[in-house]
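Numbering (my numbering), first residue to last: 10 to 198.
Right, dumping it as structure tokens:
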């Protein structure tokens, strides 16, 4: 099971995409995720509606924590790998939305400390959203574009891109999420 940092990092990434990119919505891919349909909020139960295009879907691939120390303080570097899928109705929309997502991530600045996506603590409400718990350093990798195998294929994954993304965060051994007390930041060596 993923820890809170991994869970909140993927949710923070989804929130960033929803806020800064013009997609219909952004989702976290779960084992029962339906690429074409979503639950109908006005009629709960087994009713579903079509997912609007274009949308982003964040799929958790894995995480790795490696300990290291600084000034007798045990710290952890958490590396979280995700794939961002962009599903669109046309090839052009897929390419443009993928470009917008990558540009947004590469130019993101955190409200906490500089370059990266703001990590939110989704257990602690604060004003209009949640408490900022730190910063996630973001690195995007090469994108793969997929198209339909035939003209007749009708599905939300007819035009799709997949971009691997690495998120890096540092935390203290005692921290629930990120250590935010000034003992280390992204530029420390």
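Where a beta carbon is used, it is the ideal one built from N, C-alpha and C, also for glycine.
Do residue i and residue j have their C-beta atoms within less than 9 Å of each other?
{"i": "residue 95", "j": "residue 173", "result": "no"}
{"i": "residue 37", "j": "residue 175", "result": "no"}
{"i": "residue 63", "j": "residue 91", "result": "no"}
{"i": "residue 110", "j": "residue 154", "result": "no"}
{"i": "residue 169", "j": "residue 97", "result": "yes"}
{"i": "residue 124", "j": "residue 143", "result": "no"}
{"i": "residue 57", "j": "residue 47", "result": "yes"}
Give the C-beta separation of residue i and residue j to the nearest angstrom, bearing in mind that I take them to be a contact with Cβ-Cβ under 8 Å.
{"i": "residue 186", "j": "residue 130", "result": "6 Å"}
{"i": "residue 45", "j": "residue 119", "result": "Actually they do not touch by this definition, with Cβ atoms about 34 Å apart."}
{"i": "residue 93", "j": "residue 67", "result": "6 Å"}
Leaving out five residues before and five after residue i in sequence, what residues of the same chain have Cβ atoms less than 8 Å from its Cβ?
{"i": "residue 20", "result": "37, 129 and 131"}
{"i": "residue 29", "result": "113 and 117"}
{"i": "residue 15", "result": "69, 72, 87 and 89"}
By Cβ distance, which residues of its chain are closer than 7 Å to residue i, with the 5 residues on each side in sequence left out?
{"i": "residue 149", "result": "111, 114, 115, 172 and 174"}
{"i": "residue 166", "result": "44 and 96"}
{"i": "residue 133", "result": "139 and 140"}
{"i": "residue 151", "result": "none"}
So, at 6 Å on beta carbons, what are the nonlocal neighbours of residue i in its own chain, with the 5 sequence-adjacent residues on each side left out?
{"i": "residue 35", "result": "23, 26, 27 and 65"}
{"i": "residue 74", "result": "85 and 87"}
From the DSSP output, read off the bridge partner residues of residue i.
{"i": "residue 127", "result": "144"}
{"i": "residue 35", "result": "65"}
(request) Entirely within the stretch 40 to 125 and at least 4 residues each: give me those alpha helix (DSSP H) ranges in chain order. (result) 100 to 115
(request) Could you pull out every unbroken beta strand (DSSP E) segment of at least 3 residues lying fully inside the stretch 134 to 184, listed in chain order? (result) 138 to 149, 153 to 155 and 168 to 181
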